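Colleague: Structure incoming, see below.
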Ligand code: AMP
């Protein structure tokens, strides 16, 4: 059997890299007051249609919809509409988190700050850095429309990458305006794009009708060239949006957080507004975005809650691992282990298990022989797995209540009384 295309096996080495990313993320998020949450892996399809937007590629082309076997007969008879009635594996985290906030009335005591680590699913064409199941690290801040919260969340983002040890990431920010200033901008953008439309991709032709901002998100080279001189949203901001954007830029500068303003960064859905940002890392294949986020003041209301402003981001863990690997970050991290326990006969094992446990509880990395292999094979295994010591017990040691401690690096050994073993190992 083979795994499904676009999914990955995480053998210990890769799983450890993800664990590192996740541990640092939870630690940094918590230090900024973000509480960790978990939400379901699947939700009603209609949540994503509304929350991610039914004009997006994600909803139109990339969602994995689930039909339970109980509904399969109905589906085959044409009495069950997948998109209307079904459930879907989450393609991202925000929609589920907003649903959670609304359903549990978490909005009564704002602001609320949440962090989460999720697997997400998109039916995209797999390639390096683009999978059908991938991991996102997310943070959402509900209940503040002040630009200080935009600064706060970008500060968290920047602090995370610094703590992680990634060097060459770039934060790009933009402001896409609000309901007041956007209509004028849309008008100008459409005026600019319209004469080029017949040379542009069919998706862009559709976006032109439903959601012109998303044309700026197009990944087709020819389209990118055609619209390279497009009007930019920051030139059309109303007074309030312009002053908030200036506040954000000013404060990031004062905090020495490096960023650049990039007019092509858009979160092209109606409920997104004001600050939009992405984090990029070049040299990880076609996909350089390792994270993205923005302000979404209208989404909570759209999902059935009250008027709650919000801002958040999601980072792609799979791509961050690639980025760290390309900077050689994990190269030196060959794990050293401490003690390998070996009994010449299984019946001696119970004598050394208390010492095994005591060392384990004191933080030593310990393992023991579980296959009654020959001493030669066990030593070979211990050597290959970077154990510093092997502790042996044979008939003589069993009788003497002692063990042999063998130093694998210096090839010497000594007899130690069992009652002293923990003390001796601590002093080694
Ligand atoms: P998005 O919600 O599309 O902005 O995604 C946020 C982040 O998730 C992106 O910046 C990527 O780093 C990551 N991401 C999105 N789609 C995939 C995918 N198919 N495979 C791996 N990472 C992804």
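Residue numbers (my numbering): 493 to 920.
Think of the CB as a built atom: it goes at the ideal place given N, C-alpha and C, for glycine as much as any other residue.
As the structure is a computational prediction, the values presented were derived from the model and not from experiment.
If we count the other Cβ atoms within 10 Å of its Cβ and call it buried at 16 or more, is residue 548 buried or exposed?
Modeller: Per the 10 Å Cβ criterion, buried.
Colleague: Go ahead and label residue 863 buried or exposed: buried means 16 or more other beta carbons lie within 10 angstroms of its beta carbon, across all protein chains shown.
Modeller: Exposed, because fewer than 16 other Cβ atoms sit within 10 Å of the Cβ of residue 863.
Colleague: Is residue 848 a contact residue of ligand 1, with contact defined as CB to any heavy atom under 8 Å?
Modeller: Residue 848: no, Cβ never under 8 Å from ligand 1.
Colleague: Excluding the 5 residues flanking residue 536 on each side, which residues of the same chain have their C-beta closer than 7 Å to its C-beta?
Modeller: For residue 536, where only same-chain residues beyond five positions count, the Cβ hits under 7 Å are 579.
Colleague: To the nearest whole angstrom, what separates the beta carbons of residue 750 and residue 803, a pair I think is in contact under 8 Å?
Modeller: With a Cβ gap of about 20 Å, residue 750 and residue 803 do not count as contacting.
Colleague: Which partner residues of residue 894 appear in the DSSP bridge assignment?
Modeller: Partner(s): 909.
Colleague: Considering only DSSP beta bridges, list what residue 806 is partnered with.
Modeller: Residue 806 pairs with 630, 784.
Colleague: State yes or no: is the C-beta of residue 673 within less than 9 Å of the C-beta of residue 730?
Modeller: Yes, Cβ-Cβ distance for residue 673 and residue 730 is below 9 Å.
Colleague: Compute the minimum distance between the beta carbon of residue 545 and the heavy atoms of ligand 1, and state whether it is under 8 Å.
Modeller: Not so, every heavy atom of ligand 1 lies at least 8 Å from the Cβ.
Colleague: Between the C-alpha atoms of residue 704 and residue 719, what's the straight-line distance to the nearest angstrom?
Modeller: Rounded to whole angstroms, residue 704 to residue 719 spans 12 Å at the Cα level.
Colleague: Given 8 Å as the limit, tell me if residue 804 has its C-beta closer than that to any heavy atom belonging to ligand 1.
Modeller: Every heavy atom of ligand 1 is 8 Å or more from the Cβ of residue 804, so no.
Colleague: DSSP puts residue 662 in a beta bridge; with which residues?
Modeller: The partner list for residue 662 (beta bridge, DSSP) reads 772.
Colleague: On a CA-only basis, which of 558, 581, 585 is nearest residue 572? Give me that one, please.
Modeller: For the residues 558, 581, 585, the minimum Cα distance to residue 572 belongs to 558.
Colleague: Using DSSP with H/G/I as helix, E/B as strand and the rest coil, what is residue 647?
Modeller: Residue 647 falls in the helix class under three-state DSSP.
Colleague: Is it right to say residue 870 is buried, meaning 16 or more other beta carbons lie within 10 angstroms of its own, or is it exposed?
Modeller: Per the 10 Å Cβ criterion, buried.
Colleague: Could you say if the segment 641 to 648 and the segment 551 to 566 meet the contact criterion of at least three C-beta pairs nearer than 8 Å?
Modeller: No, the segment 641 to 648 does not touch the segment 551 to 566.
Colleague: Would you check if the distance between the CB atom of residue 783 and the CB atom of residue 764 is smaller than 9 Å?
Modeller: Result no, Cβ atoms of residue 783 and residue 764 do not sit closer than 9 Å.
Colleague: CA-CA distance, residue 565 and residue 555?
Modeller: Those two C-alpha atoms are separated by around 22 Å.
Colleague: Drop a sphere of 10 angstroms on the beta-carbon of residue 502, count the other beta-carbons inside from all chains shown, and report buried for 16 or more, exposed for fewer.
Modeller: When all chains shown are included, residue 502 counts as exposed.
Colleague: Excluding five sequence neighbours on each side, which residues of the same chain lie with their C-beta closer than 7 Å to the C-beta of residue 770?
Modeller: The residues are 664, 757, 781, 783, 784.
Colleague: Tell whether a beta-carbon distance below 9 Å holds between residue 513 and residue 813.
Modeller: Against a cut-off of 9 Å, the Cβ pair of residue 813 and residue 513 comes out as a contact.
Colleague: Could you give the DSSP three-state label for residue 750: helix, strand or coil?
Modeller: Here residue 750 sits in coil by DSSP.
Colleague: Just verifying my parser: in three-state terms, what is the DSSP assignment at residue 835?
Modeller: The answer is strand: DSSP assigns residue 835 an E or B state.
Colleague: Check residue 560 in the structure and name its three-state DSSP category.
Modeller: The answer is coil: DSSP assigns residue 560 none of H, G, I, E or B.
Colleague: Would you say residue 895 and residue 851 are within 9 Å of each other, going by their C-beta atoms?
Modeller: Contact flag unset, no.
Colleague: Could you check the C-alpha separation between residue 872 and residue 584 for me, to the nearest Å?
Modeller: Rounded to the nearest angstrom, the two C-alpha atoms are 46 Å apart.
Colleague: I'd like to confirm the pairing. Which residues does DSSP put opposite residue 667 in its beta bridges?
Modeller: In DSSP, residue 667 forms a bridge with 767.
Colleague: Can you give the Cα-Cα distance for residue 744 and residue 848, rounded to whole angstroms?
Modeller: C-alpha separation (whole angstroms): 51 Å.
Colleague: Name the DSSP beta bridge partners of residue 527, please?
Modeller: DSSP output for residue 527 lists 606 as bridge partner(s).
Colleague: Is residue 542 close to ligand 1? I mean its beta-carbon at under 8 Å from any heavy atom of the ligand.
Modeller: Incorrect: residue 542 has no Cβ contact closer than 8 Å to ligand 1.
Colleague: Please find out if some non-hydrogen atom of ligand 1 comes closer than 8 Å to the beta-carbon of residue 836.
Modeller: Every heavy atom of ligand 1 is 8 Å or more from the Cβ of residue 836, so no.
Colleague: Quick check on the burial criterion: 16 or more other C-beta atoms within 10 angstroms. Buried or exposed for residue 809?
Modeller: Burial call: buried.
Colleague: Could you tell me if residue 867 is buried or exposed, where buried requires 16 or more neighbouring beta carbons within 10 angstroms of its beta carbon?
Modeller: Its Cβ having fewer than 16 others within 10 Å, residue 867 is exposed.
Colleague: Any chance the CB of residue 706 is under 8 Å from a heavy atom of ligand 1?
Modeller: For ligand 1, not one heavy atom lies less than 8 Å from the Cβ of residue 706.
Colleague: On a Cα-Cα basis, can you pick out the residue from 831, 691, 666 that is closest to residue 734?
Modeller: Checked all of 831, 691, 666; the closest Cα to residue 734 is 666.
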